[in-house]
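Asks: Just so you know, we're using full-length UniProt numbering here: the sequence shown kicks off at 1 and counts up by one.
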Amino acid sequence: MRVGTIDRVVKEKKISTQGIDLVKYAAAILVICFHCERIFQDPAINHLFKNVFCRFAVPYFLISTSYFVRKGQNQSPDYIKHYIKSLGKSYLFWSLLYLPVGFMWIQQNYSLDPMLYPVALIVGFFYTGTYYHLWYIPAMIFGIVCVQWLLKKTGYGLLFVLAGITYGFGTLETYYAYIENEQLRNFFDQYLSNFITTRNGLFFALIFVAVGFFLWDHQEKIIRLQKYLSRLLAVMGLLLIIEGSVVYANVGIDKNFMWMLIPFTSCLFCWSLFIKVDRKIDVKRLRELGKYYFFIHPLCILWTASLVNNYAFLSNTWLQLVVTLSATHILSSLAITLVQQLPYYYFDLQLMLQVNRAYLQKLI
1 MRVGTIDRVV KEKKISTQGI DLVKYAAAIL VICFHCERIF QDPAINHLFK NVFCRFAVPY
61 FLISTSYFVR KGQNQSPDYI KHYIKSLGKS YLFWSLLYLP VGFMWIQQNY SLDPMLYPVA
121 LIVGFFYTGT YYHLWYIPAM IFGIVCVQWL LKKTGYGLLF VLAGITYGFG TLETYYAYIE
181 NEQLRNFFDQ YLSNFITTRN GLFFALIFVA VGFFLWDHQE KIIRLQKYLS RLLAVMGLLL
241 IIEGSVVYAN VGIDKNFMWM LIPFTSCLFC WSLFIKVDRK IDVKRLRELG KYYFFIHPLC
301 ILWTASLVNN YAFLSNTWLQ LVVTLSATHI LSSLAITLVQ QLPYYYFDLQ LMLQVNRAYL
361 QKLI
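1) Could you tell me how far apart the beta carbons of Thr317 and Ile32 are, in whole angstroms, since I believe they sit closer than 8 Å?
2) Distance check for Leu96 and Lys362, CA to CA, integer angstroms please.
3) Can you tell me which of Tyr156, Val235 and Trp135 puts its alpha carbon nearest to the alpha carbon of Thr198?
4) Is it right to say Gly124 is buried, meaning 16 or more other beta carbons lie within 10 angstroms of its own, or is it exposed?
5) Using the C-alpha atoms, what's the distance from Lys89 back to Phe294?
6) In chain order, what residues of the same chain lie with their CB nearer than 6 Å to the CB of Asn51, ignoring the 5 residues before and after it?
7) Could you say which of Ser16, Phe53 and Gly102 lies nearest to Pro298 if we only look at CA atoms?
8) For a test of the three-state rule: what should DSSP assign to Gln108, helix, strand or coil?
9) Does the beta-carbon of Leu349 have 16 or more other beta-carbons within 10 angstroms, so that it is buried, or is it exposed?
10) By DSSP, does Glu12 sit in helix, in strand, or in coil?
11) What does the alpha-carbon distance come out to for the pair Gly170 and Lys280?
12) If you count every other CB in all the chains shown that lies within 10 Å of the CB of Met260, and 16 or more means buried, which is it?
13) Apart from the five residues on each side of it in sequence, which residues of its chain come closer than 7 Å, Cβ to Cβ, to Lys164?
14) Grab me the residues of Arg38's own chain with a C-beta within less than 7 Å of its C-beta, minus the 5 sequence neighbours each way, in chain order.
15) Does DSSP put Asn51 in a helix, a strand or coil?
16) Given a cut-off of 8 Å, decide if Ala177 and Gly252 are closer than it, judged by their beta-carbon atoms.
17) Under 8 Å, do Val23 and Leu268 count as touching if we go by C-beta distance?
18) How many angstroms separate the CA atom of Met115 from the CA atom of Ala234?
Have a look at this one:
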């Protein structure tokens, strides 16, 4: 289906992106909850919340971002290049901001020779991020570039096969306790000793970026499935909870990967395309807040942790969460206001320079 045909069908069926912004805002809050200390005292409930419910957030970001990237690419062939360039500038800024914190974390957790700090910087910037949440950006960029290249060489069939295989390898982190084959376990141990994690662009992001591209290219299929989406989402959610219980029974090295995240998040994204949003809700504002929540929240978590050491009443984990969320929201709001005001300051400065230049010319 051509781009014009897709746009016409979308308009007729009233597919909206505002629901996506609502879900992304909620997902940004869940990311903060996940990175905070234990919320529920019961281990099983805490696992269900953090390692099942909160886990859909990052896949949802990947799918929604790649969905709109594919849309932009269909409208302009150079869109991906400009998008990655713009994202790269933002990533560089936040990487430099978190660089001191990242080096402090390395000093506390690794016995790394200072001579290897430049190597750690390169690995951090292009692979793991200079702080723990920034891995998402290089992973997403890799996923977008890789999926675009693969689609030029082949179709979605082979792309999903390759992405499924790589994701399957990534799940060994989650299902490590279930690996009985000694050779496979040794091979995976060797991989981790060299590459630290499978949570990266190749093993994690690739499948979700492919889903985002596919959903934009096949929107007519989403429209035909609209009446079934709520039931599909409920079924996939139940299966995700069951898989989470299996993981909880034998916890692996980490819990980033679960197979049911793929269909559940795909259904959630499709379902969110048909959410009717009240006009009173400023979704553009929520979109901006969610973006800054992601980048700023680790600083607020560190600040809250420092407060806990000085004030005993903050030892309550729920209170810590409230303080972190509040601080993140306040700083994000200030950042948005600052960014919005910068163009005006720039314009005033340019106008002032022009007036001064004209005045000097008259004097001369």
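Cβ atoms here follow ideal geometry from the backbone N, Cα and C, with glycine treated the same way.
Replies: Inspection of the coordinates gives the following:
1) Against the sequence shown, residue 317 aligns to sequence position 317. Against the sequence shown, residue 32 aligns to sequence position 32. Going by Cβ atoms, the distance from Thr317 to Ile32 rounds to 13 Å, so no, they are not a contact pair.
2) One-based indexing of the sequence shown puts residue 362 at position 362. One-based indexing of the sequence shown puts residue 96 at position 96. Low local confidence applies: a pLDDT of 48 at Lys362 is under 50, so the model's placement there is unreliable, with the coordinate-based value given in what follows. Rounded to the nearest angstrom, the two C-alpha atoms are 45 Å apart.
3) Here residue 198 is taken as the residue at index 198 of the sequence shown, counted from 1. Distances from the CA of Thr198 to each of Tyr156, Val235 and Trp135 were compared; the closest alpha carbon is that of Trp135.
4) In the sequence shown, residue 124 corresponds to position 124, counting from 1. Buried.
5) Counting from one through the sequence shown, the residue named residue 294 turns up at place 294. Counting from one through the sequence shown, the residue named residue 89 turns up at place 89. Going by C-alpha positions, Phe294 is about 16 Å away from Lys89.
6) For the purposes of this step, residue 51 is taken as residue 51 along the sequence shown, with counting starting at 1. Excluding positions up to five away in sequence, the list reads Lys255.
7) Taking the sequence shown and counting its residues from 1, the one referred to as residue 298 is at position 298. Of the candidates Ser16, Phe53 and Gly102, the one whose C-alpha sits nearest the C-alpha of Pro298 is Gly102.
8) Your numbering for residue 108 matches position 108 in the sequence shown. Looking at Gln108 - three-state DSSP - the assignment turns out to be helix.
9) Here residue 349 is taken as the residue at index 349 of the sequence shown, counted from 1. Legend: pLDDT at Leu349 = 45, less than 50; position of this residue unreliable, no value from coordinates given.
10) The count along the sequence shown starts at 1 and reaches residue 12 at position 12. With a pLDDT of 43 at Glu12, under the threshold of 50, the predicted position of this residue should be treated as unreliable, and no value is reported.
11) The residue given as residue 170 occupies position 170 in the sequence shown. The residue given as residue 280 occupies position 280 in the sequence shown. Roughly 42 Å separates the two Cα atoms.
12) In the sequence shown, residue 260 corresponds to position 260, counting from 1. Answer is buried; the Cβ neighbour count reaches 16.
13) By one-based count along the sequence shown, residue 164 stands at place 164. Looking at the sequence itself, residue 164 is Gly, so the reference to Lys does not match. Hits under 7 Å: Ile207.
14) As a first step, residue 38 is located in the sequence shown; it is residue number 38 there, counting from the start. Only Asn46 and Thr317 meet the Cβ criterion.
15) Working through the sequence shown from its first residue, we reach residue 51 at position 51. In the structure shown, Asn51 sits in a helix (DSSP, three-state: H, G or I).
16) The residue you call residue 252 lines up with position 252 of the sequence shown. The residue you call residue 177 lines up with position 177 of the sequence shown. Using a Cβ distance threshold of 8 Å, Gly252 and Ala177 count as a contacting pair.
17) Working through the sequence shown from its first residue, we reach residue 23 at position 23. Working through the sequence shown from its first residue, we reach residue 268 at position 268. It is a contact, given that the beta carbons lie within the stated cut-off.
18) Counting from one through the sequence shown, the residue named residue 115 turns up at place 115. Counting from one through the sequence shown, the residue named residue 234 turns up at place 234. Cα to Cα, the separation comes out at about 52 Å.
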